[in-house]
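To keep things clear, I will list the structure first and then write my remarks on it.
There are 2 protein chains.
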Amino acid sequence: MLAFAAGLAAGAAGGSAGAACVLSKKSAASKNAEKSPVRGQADLISGTEISKEVRKEVKEQVEQLQREHGCQPGLAVVIVGARDDSSRYVNMKKKAAAEVGFHSVDVALPETVTEAVLLAEVAKLNANPKVHGILVQLPLPKGIDEARVLREILVEKDVDGFSAANIGNLCLKDGSPPLAVPCTPAGCIELLQRSGVEVAGKDAVVIGRSNIVGMPVAALLQSMNATVTVCHSRTKDMKAKVQNADIVVAALGKAEFVRGDWLKPGCVVIDVGINTVPDASKKAGVRMVGDVCTEEAKAVASKITPVPGGVGPMTIAMLLKNTVNLARNSLVLPRVPLRKEANGVNH
Amino acid sequence: MLAFAAGLAAGAAGGSAGAACVLSKKSAASKNAEKSPVRGQADLISGTEISKEVRKEVKEQVEQLQREHGCQPGLAVVIVGARDDSSRYVNMKKKAAAEVGFHSVDVALPETVTEAVLLAEVAKLNANPKVHGILVQLPLPKGIDEARVLREILVEKDVDGFSAANIGNLCLKDGSPPLAVPCTPAGCIELLQRSGVEVAGKDAVVIGRSNIVGMPVAALLQSMNATVTVCHSRTKDMKAKVQNADIVVAALGKAEFVRGDWLKPGCVVIDVGINTVPDASKKAGVRMVGDVCTEEAKAVASKITPVPGGVGPMTIAMLLKNTVNLARNSLVLPRVPLRKEANGVNH
């Protein structure tokens, strides 16, 4: 469902890519040196810091909603079974929701639950006026139709923004704004904006075309007037396409797939991947890496998100933002862009 | 609403571009001669011929639906006021609907109609079991909220496929297929497919990002495994991007904007534009041109749609196809891809 879990699942078998990816910084930078001045070291875009800002703003908005409208935003999380990654992620969400003062509803169902029972639980949450956002943690056990379950969530409570109506409104220009924007893509945009990255008129390459990251992030970048190319498993000469990009969003779930010499000097890199690769020097025997070889990329890019501590923490922050906006929508209040400045993204 | 009307509106002031666009064929072709063998003359992709095939197949499907299910597909067209271009287009639609054996409902309202009355008319059509598709001809007079009126159309009768739910399902992978795909984009895809153009793995550039053409055609090409770049008014160095494209879809509404030396030798060009430019040699004083300088492009491309007679006739053909599919959907029958072969597009 979210990049965090998706990344873990897709990239768990990262193999030796991690160890092999680091070229000398000099080599990666000098290859492209003719095109623009050699960069020394990219600025890190800290999702850890930016997500704290977002959470702080969400907390203030929650207090305001309670003070002025007697409304406490409510987030329901439904988890089926006991997958380690899902449980860990759901716990992080619950903690974050508590910190900003949400009303929390937790529904934990056994691995053996039937689709009918799960649908009935969702229907109950749809009818619960204290719940403004409903999140069903994916993946669901085999035999349950995920799409059917997600369709059961009222669009007014679709906190992940995955419903066809929300995605349609995200892609359509000048129509109704979506009630919620998928969390990880929204987090990528927030990172760009709060790092002062100009998007309009820039060439952006999105690697990956998933429903939860690649496709919506491409729509958002296009709505901000970037020229967007979406690359995927069938793309020919991906390296050449990435080399032309001012902004690269990597969301394919392959450990350190994008190398330093793929990048245009001075570009901005948003690395959505969260993969584990074997690392004997670590206590756990593994370490976490992105879809980009960070060490190489740092020598070429102007700004880059680290892994961990980049896009990861933004996903939950944007989930909180979405919940507040759905609570506001239930009161027929306009959505509040989290940023002080108006911008085209919160469309 | 449809490219036909949109093209007429956007490109009416084409000015002198038409006269100026034709380079010598030799010059356009030879510039790119190093990259690939010089082409002589592109094959024309005839929308006139292909739309006839589609209509013939639709007619057969209508007969089958009547014979086997006692169901006559019904198309309602709502027109407000008396714009020349709208009236002409609506008349073409009515004629085409009659030819394939549809039940037709025509609602003509005066320019002065109120939004409330128009909404009530749409509600009546929503409730009419003989009507499977509802088309409200755009643009609507000032003072009427077009988006509000379009939202009133039931998604099950949204024959233009413009609703957020249909657009969302078009963009989402592996979900519910849209009940209808916007007509002009669907027509572009049909032209590619019936001309034997391989799309998977190819680089496609879409010029224009409108809700009715550019955005959905990009989503369709991506679903067919092309690598898609969407160019628009804020794109830098558009020529270089087009030069890399194996497939070019021009849908920006500017007369002969794309020149021969913008094209990669052997590429395929789908020209959605319908613009008029002054031409003293014509009785009407104008002639119709596309968004691509056809004469120049013919010397470089391998296949190209002419204007007129390319994409234009496909729009109405796909409207007929959509109506049949909505009628089938009302009977809980699966959609029939018009082509004999199964393919990923009819998703």
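From first to last, the protein sequence lines are chains A and B. All residue numbers for the first sequence refer to this note's numbering, where the first residue is 1 and numbers rise by one. All residue numbers for the second sequence refer to this note's numbering, where the first residue is 1001 and numbers rise by one. In this text, a Cβ means the ideal position worked out from N, Cα and C, and glycines have one as well. Note that the structure is a prediction, hence the values are computed from the model and not measured.
For residue i, tell me which candidate among the options has the shortest Cα-Cα distance.
i, options, result
"G1201 (chain B)", "B:G1101, B:N1225, B:G1081", "B:N1225"
"V1248 (chain B)", "B:L1263, B:K1236, B:P1216", "B:L1263"
"L319 (chain A)", "A:P278, A:F162, A:T229, A:C231", "A:F162"
"P1178 (chain B)", "B:E1053, B:Q1041, B:I1316, B:P1216", "B:P1216"
"A1327 (chain B)", "B:T1048, B:V1058, B:I1270, B:S1051", "B:V1058"
"G1290 (chain B)", "B:V1136, B:I1270, B:A1284", "B:I1270"
"D85 (chain A)", "A:E190, A:V100, A:Q137, A:T114", "A:Q137"
"M238 (chain A)", "A:V100, A:V258, A:H103", "A:V258"
"L1135 (chain B)", "B:I1144, B:E1121, B:K1142", "B:E1121"
"T1114 (chain B)", "B:R1148, B:G1133, B:V1100", "B:R1148"
"E256 (chain A)", "A:T323, A:I45, A:C293", "A:C293"
"V206 (chain A)", "A:A127, A:V272, A:G101", "A:V272"
"V1100 (chain B)", "B:L1172, B:I1304, B:K1052, B:A1219", "B:K1052"
"I274 (chain A)", "A:V199, A:F102, A:M288", "A:M288"
Taking the alpha-carbon positions, what's the residue i to residue j distance?
i, j, result
"A116 (chain A)", "S330 (chain A)", "27 Å"
"P1334 (chain B)", "A245 (chain A)", "42 Å"
"T1112 (chain B)", "A96 (chain A)", "54 Å"
"K93 (chain A)", "G309 (chain A)", "16 Å"
"V62 (chain A)", "P306 (chain A)", "30 Å"
"L1125 (chain B)", "V1131 (chain B)", "7 Å"
"A1123 (chain B)", "E1068 (chain B)", "29 Å"
"G1260 (chain B)", "G1196 (chain B)", "23 Å"
"A1180 (chain B)", "A1164 (chain B)", "12 Å"
"V1213 (chain B)", "P1185 (chain B)", "5 Å"
"A1251 (chain B)", "A98 (chain A)", "49 Å"
"N1211 (chain B)", "V1090 (chain B)", "20 Å"
"A1280 (chain B)", "L1118 (chain B)", "42 Å"
"E34 (chain A)", "Q193 (chain A)", "With a pLDDT of 40 at E34 (chain A), under the threshold of 50, the modelled position of that residue is not reliable, and the figure given next carries that caveat. If I take the Cα positions, the gap works out to 29 Å."
"V155 (chain A)", "G74 (chain A)", "15 Å"
"S233 (chain A)", "G253 (chain A)", "11 Å"
"Q222 (chain A)", "G208 (chain A)", "16 Å"
"T48 (chain A)", "G1047 (chain B)", "54 Å"
"E1296 (chain B)", "K241 (chain A)", "27 Å"
"V1038 (chain B)", "T1235 (chain B)", "Here V1038 (chain B) scores only 48 on pLDDT, less than 50, and its place in the model should not be relied on; the value that follows carries that caveat. Roughly 29 Å between the two C-alpha positions."
"V1311 (chain B)", "L1191 (chain B)", "8 Å"
"V300 (chain A)", "D43 (chain A)", "11 Å"
"N1325 (chain B)", "Q1072 (chain B)", "12 Å"
"I1316 (chain B)", "G81 (chain A)", "50 Å"
"R1055 (chain B)", "Q243 (chain A)", "45 Å"
"I1304 (chain B)", "P182 (chain A)", "38 Å"
"V1349 (chain B)", "V1286 (chain B)", "The structure shown does not extend to residue 1349 (chain B), since chain B spans only 1001 to 1347, so no value can be given for it."
"N32 (chain A)", "D1174 (chain B)", "Residue placement at N32 (chain A) is flagged as unreliable, the pLDDT there being 42, under the threshold of 50; a coordinate-derived value is accordingly withheld."
Three-state secondary structure (DSSP) at residue i?
i, result
"C231 (chain A)", "strand"
"V332 (chain A)", "coil"
"T1276 (chain B)", "strand"
"L1154 (chain B)", "coil"
"D1354 (chain B)", "The first residue shown for chain B is 1001 and the last is 1347, placing residue 1354 (chain B) beyond what the model contains."
"L140 (chain A)", "coil"
"G74 (chain A)", "strand"
"K303 (chain A)", "strand"
"S27 (chain A)", "With a pLDDT of 48 at S27 (chain A), under the threshold of 50, the modelled position of this residue cannot be trusted, and the question is left open."
"D1271 (chain B)", "strand"
"L1109 (chain B)", "strand"
"H1069 (chain B)", "helix"
"S1086 (chain B)", "helix"
"G1133 (chain B)", "strand"
"A1327 (chain B)", "helix"
"R1148 (chain B)", "helix"
"S1163 (chain B)", "coil"
"R259 (chain A)", "coil"
"S1357 (chain B)", "Any answer about residue 1357 (chain B) is impossible in this case: the structure gives chain B only from 1001 up to 1347."
"V100 (chain A)", "coil"
"S16 (chain A)", "Residue confidence is low: S16 (chain A) scores 39 on pLDDT, short of 50, so the model does not pin down where it sits. No coordinate-derived value is stated."
"M117 (chain A)", "A quick correction: the sequence has Val, not Met, at residue 117 (chain A). The answer is helix: DSSP assigns V117 (chain A) an H, G or I state."
With respect to 7 Å, is the separation between the Cβ of residue i and the closest non-hydrogen atom of the ligand COA below this value?
i, result
"D1085 (chain B)", "The ligand COA is not part of the structure shown, which contains no ligands of any sort."
Under 9 Å, CB to CB, which of the residues in the segment 1162-1188 of chain B have a partner in chain A? F1162, S1163, A1164, A1165, N1166, I1167, G1168, N1169, L1170, C1171, L1172, K1173, D1174, G1175, S1176, P1178
Check each residue of the segment 217-231 of chain A: if its Cβ is closer than 7 Å to any Cβ of chain B, include it; give the result in chain order. Q222, N225, T227, V228, T229, V230, C231
Taking only runs of the beta strand (DSSP E) that begin and end inside the segment 1177-1253 of chain B, which ones reach a length of at least 3 residues, in chain order? 1203-1207, 1227-1231, 1247-1250
Closer than 9 Å, Cβ to Cβ, to anything on chain B: give me those residues from the segment 316-338 of chain A, in chain order. none
For the segment 1253-1265 of chain B, which residues have a CB atom closer than 8 Å to at least one CB atom of chain A, in sequence order? none
Selection of the segment 230-244 of chain A by Cβ proximity to chain B, strictly under 9 Å: V230, C231, H232, S233, R234, T235, K236, D237, M238, A240, K241, N244
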